[in-house]
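Going left to right, the sequence shown walks through residues 1 to 355 as my numbering numbers them.
Glycine residues also receive a C-beta, built at the ideal position from the N, C-alpha and C atoms.
These figures come from a predicted structure and were not determined experimentally.
Written below as C-alpha cells is the structure these notes are about.
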Amino acid sequence: MPAAKPARNASIPAMRRALLAWFGRNRRPMPWREQVSAYRTVVSELMCQQTQIATAIPYFERWTAKWPDFKDLAQAEEAEVLALWAGLGYYSRARNLLNLAKQVAALKQPPRTAVEWREFKGVGPYTAAAIASIAFAEPVAVVDGNVVRVLARLDGVRAKLRDASSAAKLFAARADELVDPKQPGDFNQAMMELGATVCRKGVPDCAKCPLAEWCDAKQAGDAQALPRFVSKERKEAVVERALVAREGKILLRRNPHHAKRLAGMAEIPVLSSLGVEPAGEPALVRRRTIGTVTYEEKLHALDSKPADIRRWAKDGELEWVDAQALDGAALSGPHRRWLGEWLSRGGRTARGRRP
Ligand code: SF4
1 MPAAKPARNA SIPAMRRALL AWFGRNRRPM PWREQVSAYR TVVSELMCQQ
51 TQIATAIPYF ERWTAKWPDF KDLAQAEEAE VLALWAGLGY YSRARNLLNL
101 AKQVAALKQP PRTAVEWREF KGVGPYTAAA IASIAFAEPV AVVDGNVVRV
151 LARLDGVRAK LRDASSAAKL FAARADELVD PKQPGDFNQA MMELGATVCR
201 KGVPDCAKCP LAEWCDAKQA GDAQALPRFV SKERKEAVVE RALVAREGKI
251 LLRRNPHHAK RLAGMAEIPV LSSLGVEPAG EPALVRRRTI GTVTYEEKLH
301 ALDSKPADIR RWAKDGELEW VDAQALDGAA LSGPHRRWLG EWLSRGGRTA
351 RGRRP
C-alpha cells in the first residue's frame, strides 16, 4: 500500500470539500444520476463495467423502460435480455444481471452493504462498492482505472504496477481513507469523474483540477507518465468465418448455454465448423482486439449447396435467421456490423452470386 504522508492526511477534509464542490459544478448528466435507486445503480454499474458511458446510456434507457425494477427483470426470458444487450459485448454481464434480479426479487429488500453485494456472481469489489456507496451511502471507496490514475498521480506512486486488478488492491486502503463518510456516493462518483474528464490518460488538465495543490505528480512534472504498468505480451490470431445467405436468411451458430464465451448468443459460424473450404479471397477482412489478442477475422462468402444444407440441418447449433430480423437477434456487435456491411454490398459470394 502506498504510504500516506502525515501532511497529506491532515489535508483530507479540505481535499474532500474541494473535490465535492468541483463535482457539484461539473457532474455530467447521466440517467442513473437523475433518479437513483438500487436497481438503476446495479444496471448502470454492470453496463458500464467494460463499456463507454456514452454507449451505455441508450441501452440503460431502453433496459429500464422495459424492466423498471428487479421484479420486472426477474420475469424476463434470457433470450430477450441477451437481445436487448446485443452490441454491448461481454454478454455474461447480461446473464449475471438476470440471475441477480431473480435472487434479489426473492428477498424482502435488496442487500445494503458492499460485502453482501459481493456475494452475487459478476459483482466484483468495484461494482459492490459503487452500489453500496451510491444507493445506500455506505462509506466504502470505489477503485476503478480512473481512481487508480488519480491516486497514483496524487501520491506520486512511480513503481510499476502489474495489472489493473493488482493496482486496484494496492490503492484500496488509500481510497478508503479518502472517501467522504458523509457523502460516499458523490465522493466516489467525483473521483471517477475527475479521472475521466480532468486527470485523463495521457496529458492531464491540471489547471482545472480541484486537487492540484495536493498533487505530487503535478509538482514533480511527471503526471503524464503515471501510473506505470508492466507491459504485457501481445498475441495475434486469425479466425476464418463463413457468410452464408439463402432465400433472405443468414446461417448463424447459436452457442450453447454452457459455452465458455458468448453463451446463448448467435455468431457468424467458423468456417471449419461447417466442413467447407473457402474459394478465393474473403469478402471482408476485419481486425479487432480482445484483451491482449488481436484477431484478424476473414469472412468468406459461400454458396450453399444442397448437400451442405442437408448436413448443416443435422447440426443443432446452426440456424437460419431472417436477414430482416438481425436487429432483434442476440448477435454480438461486431458480427452484426460485419453482416450489415456484407449485406449492404449485395452479399456476394466468391462466384459473384447474390443470396
Ligand atoms: Fe491529476 Fe493533475 Fe489533478 Fe494531479 S493535479 S490529480 S495530475 S489532474
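Which of helix, strand or coil DSSP assigns to residue i
i: A245; result: strand
i: K235; result: strand
i: T292; result: coil
i: I268; result: coil
i: L73; result: helix
i: A3; result: Since pLDDT at A3 reaches only 46, below the 50 mark, its modelled position is unreliable, and the value read off the structure follows with that caveat. If DSSP states are grouped into helix, strand and coil, A3 belongs with coil.
i: R153; result: helix
i: V285; result: strand
i: E240; result: strand
i: E138; result: coil
i: R254; result: strand
i: K182; result: coil
i: E297; result: strand
i: I12; result: helix
i: L262; result: coil
i: R228; result: strand
i: K305; result: coil
Cα-Cα separation, residue i to residue j
i: P111; j: W117; result: 7 Å
i: E233; j: R162; result: 12 Å
i: G291; j: V238; result: 15 Å
i: K260; j: R93; result: 13 Å
i: H257; j: G316; result: 13 Å
i: A190; j: M15; result: 12 Å
i: Y295; j: L284; result: 13 Å
i: K201; j: A132; result: 27 Å
i: A21; j: L154; result: 18 Å
i: D216; j: A114; result: 31 Å
i: G89; j: K249; result: 24 Å
i: A74; j: T41; result: 16 Å
i: L100; j: P58; result: 22 Å
i: A106; j: K298; result: 46 Å
i: E247; j: G346; result: 13 Å
i: D356; j: V140; result: No answer is possible for residue 356: the residues shown for the chain start at 1 and end at 355.
i: T289; j: K235; result: 10 Å
i: K218; j: A56; result: 32 Å
i: L178; j: K71; result: 36 Å
i: I134; j: P184; result: 7 Å
i: H300; j: V148; result: 43 Å
i: L98; j: V321; result: 25 Å
i: T51; j: K305; result: 40 Å
i: S165; j: R228; result: 14 Å
i: S332; j: M265; result: 7 Å
i: C209; j: A323; result: 50 Å
i: G124; j: A172; result: 13 Å
i: A159; j: I309; result: 59 Å
i: P383; j: D186; result: Past the edges of the chain, shown from 1 to 355, lies residue 383, and the structure says nothing about it.
i: P68; j: F23; result: 28 Å
i: Y126; j: R95; result: 19 Å
i: V293; j: Y91; result: 19 Å
Selected residue, minimal CA-CA separation from residue i, among the options
i: S273; options: K314, Y295, R246 and A152; result: K314
i: K169; options: V143, D186 and G156; result: V143
i: E45; options: G122, D327 and P204; result: G122
i: N365; options: F136, A279 and E277; result: There is no way to answer for residue 365, as the model of the chain reaches only from 1 to 355.
i: D222; options: F229, K260 and V157; result: V157
i: L243; options: M30, Y39 and L271; result: L271
i: G340; options: P184, P278, I268 and E319; result: I268
i: Q224; options: A38, V198 and F60; result: V198
i: W32; options: A301, I53 and P306; result: I53
i: I12; options: A330, P282, R246 and P181; result: P181
i: W312; options: F23, A266, L252 and R287; result: L252
i: V43; options: L84, K218, A325 and L226; result: L84
i: P334; options: L226, R310, R287 and I309; result: R287
i: W342; options: E119, W320, G264 and L302; result: L302
i: A38; options: L262, V104 and K160; result: V104
i: E78; options: A330, R337, W338 and S344; result: A330
i: E281; options: G275, E319 and E240; result: E240
i: L326; options: G87, A10 and W63; result: G87
i: N255; options: E319, V276, A196 and I309; result: E319
i: E80; options: R337, W338 and G328; result: G328
i: G275; options: A307, L262 and A263; result: A307
i: R27; options: A196, L82 and R62; result: A196
Any C-beta of chain C under 8 Å from that of residue i
i: E80; result: This model lacks chain C altogether; it includes just one protein chain.
Practice problem: List in chain order: all unbroken beta strand (DSSP E) runs of 3+ residues lying wholly within the segment 75-133. | Solution: none
Practice problem: Report the residue ranges of all beta strand (DSSP E) runs contained in full by the segment 310-346; include only those spanning at least 3 residues, in chain order. | Solution: 318-322
Quiz prompt | Complete runs of the beta strand (DSSP E) confined to the segment 191-226 [at least 3 residues] | solution = none
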